[in-house]
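Peer 1: What follows is a single structure, and I will ask about it in a moment.
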Amino acid sequence: QVQLVESGGGLVQPGGSLRLSCTASGSMFSIYTMGWYRQAPGKQRDLVATITSGGSTNYIDSVKGRFTISRDNAKNTVYLQMNSLKPEDTAVYYCNVKLNGGAVFGPWGQGTQVTVSS
């Protein structure tokens, strides 16, 4: 089982930037497709971005051109660089190992809160 620890959230003004990090336990990280998810208050948790073991990335339309997902397999870490942040990006952000059909592999971590507000 993989353990996931997210960090890097905070309070930022609209237009600002944050870089989230997620470190995974275990020795299989490099073969996983990793995903960043977010859950806004009162809403379901949604997939935001993914990165495959080969480095191919995918994003939801609302963050394309603003967010960048990347990974460092030597550090078992996946990142989410978030630029031009908007109030609607406010949510708790989580990472997980993305499986086919929308499933995830690991238990959810504690997440990291991102609040975009002036």
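Heads up: take any position in the sequence shown, counting from 1, add 1494, and you land on the working numbering. Glycine included, C-beta positions come from ideal geometry on N, C-alpha and C. Predicted, not measured: the structure shown is a model, and the values here were computed from it.
(1) Does the segment 1550-1558 come close enough to the segment 1587-1602 to have 3 or more Cβ pairs within less than 8 Å?
(2) Can you tell me which of the three DSSP states I1545 falls into?
(3) Spatial neighbours of S1578 within its chain, please: CB distance less than 7 Å, with the 5 preceding and 5 following residues excluded, ordered by chain position.
(4) DSSP beta-bridge partners for L1514?
(5) According to DSSP, is K1537 helix, strand or coil?
(6) Does the segment 1534-1546 come close enough to the segment 1510-1524 to have 3 or more Cβ pairs within less than 8 Å?
(7) Can you tell me which of the three DSSP states S1501 falls into?
Peer 2: Answer, in terms of the structure:
(1) no
(2) strand
(3) G1509, R1560
(4) L1574
(5) coil
(6) no
(7) strand
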